[in-house]
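Below you'll find the structure, written out as structure tokens, and then a few comments.
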Amino acid sequence: MDGFRDGIPIGLGYFVVSFSLGIIAKYVGLSPLQGFVISLLNNASAGEYAAFTVIGSDAPYIEIAMLTLIANARYVLMSTVLSQKFSPDTPFYHRIFVGFDVTDELFGISIARGGRWLNPFYNYGAMLTALPGWSIGTACGIIAWNFFSASAVSALSVALYGMFLAVIIPPARKDKIIGGAVAVSFVLSYLAESFFPDISAGNRTIALTILIAGAAAILYPIKEDDQ
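Quick note on our numbering: the sequence shown kicks off at -16 and runs consecutively.
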């Protein structure tokens, strides 16, 4: 129930943001049902955008799979960190099911969750609102193509920034180390985009995550108790 409660604003935000994906899906010729299923199985904006792009160019399946894998590579890092929030006794199947839907926002609320260990059912509760919000929003975006202009619908994606702020502000206010890392990430992300525009956003995210998180871990390690 805690996960379901915390996932409600994320699911509502996903519903709005995925409208723009629906517009792209409609542009490449996908039906509302096809858009719904794709978003249900691939809950990632960058990955889906890349997939829709190659689908529109009639690319082979292997190319779609490889591009989606590369676009979603940052979730490998998030999943590795998230796995350390679970008790060593957590069954393998729980890890598989939680790993199915590791998004930026769900990762954020899971890491910010208090307590030594994370209960996988917290993630399941959050997923119950996040997955439907994302997939239904995509289908509605495809349907809305007939009623609104593409610019009007894509403008709704501003809600994505609101969700990110809701994820990072509470822990940043509680911990000055986290707050400093967030501020540094803003600056370095801007500089990386300015000086390395040819590098994809996903690869820049991976590189900066390793750099900033690694530096914070070395300079300000978390003190663990004997247990």
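A virtual CB, placed ideally from N, CA and C, is assigned to each residue, including glycine.
Do residue i and residue j have their C-beta atoms closer together than 8 Å?
i: SER168; j: ILE195; result: yes
i: LEU4; j: GLU31; result: yes
i: ILE126; j: PRO15; result: yes
i: ALA8; j: GLY18; result: yes
i: PHE(-2); j: GLY197; result: no
i: ILE182; j: ALA56; result: no
i: ALA175; j: ALA199; result: no
Between the options, which has its C-alpha nearest residue i's C-alpha?
i: ILE205; options: ARG99, HIS77, PHE(-2), VAL20; result: ARG99
i: PHE83; options: THR73, TYR58, PRO74; result: TYR58
i: TRP128; options: PHE(-2), VAL0, TYR10, ARG(-12); result: TYR10
i: VAL0; options: SER172, ALA95, ALA122, ILE189; result: ALA122
i: GLY76; options: ILE160, PHE104, ILE189; result: In the sequence under discussion, the amino acid at residue 76 is Tyr, which differs from the Gly named in the question. Here the closest residue by C-alpha is PHE104.
i: THR36; options: PRO74, ALA190, LEU13; result: LEU13
i: LEU24; options: PRO43, ASP72, PHE80; result: PHE80
i: ILE6; options: PHE131, ARG78, THR63; result: PHE131
For residue i, which residues of its own chain have a beta-carbon under 8 Å away from its beta-carbon, when the five flanking residues on both sides are left out?
i: LEU89; result: GLY(-10), ILE(-7), ASN106, ALA109, MET110, ALA113
i: SER93; result: LEU65, LYS68, LEU101, TYR105, ASN106, ALA109
i: LEU221; result: Residue 221 lies beyond the stretch modelled for the chain, which goes from -16 to 210, so this question has no answer here.
i: PHE(-13); result: GLY108, ALA109, LEU111, THR112
Below 7 Å CB to CB, which residues in the same chain sit around residue i once its five sequence neighbours on both sides are set aside?
i: LEU(-5); result: GLY116
i: MET61; result: VAL85, PHE90
i: ASP(-15); result: TYR105, GLY108
i: ILE236; result: The structure shown does not extend to residue 236, since the chain is modelled only from -16 through 210, so no value can be given for it.
Which residues in the same chain as residue i place their Cβ atom closer than 6 Å to its Cβ, once the five residues preceding and following it in sequence are excluded?
i: GLY162; result: ALA155
Let's see if you can read the secondary structure: which residues bound the alpha helix (DSSP H) around residue i?
i: ASP87; result: 87 to 94
i: MET218; result: Shown here, the chain extends from -16 to 210; a query on residue 218 therefore has no answer.
i: VAL37; result: 28 to 39
i: ARG57; result: 57 to 66
i: ARG99; result: Premise fails: ARG99 is in no alpha helix (DSSP H) and is neither H nor E.
i: ILE10; result: Correcting the residue type first, residue 10 is Tyr in the shown sequence and not Ile. Where TYR10 is concerned, the enclosing alpha helix (DSSP H) stretches over -15 to 10.
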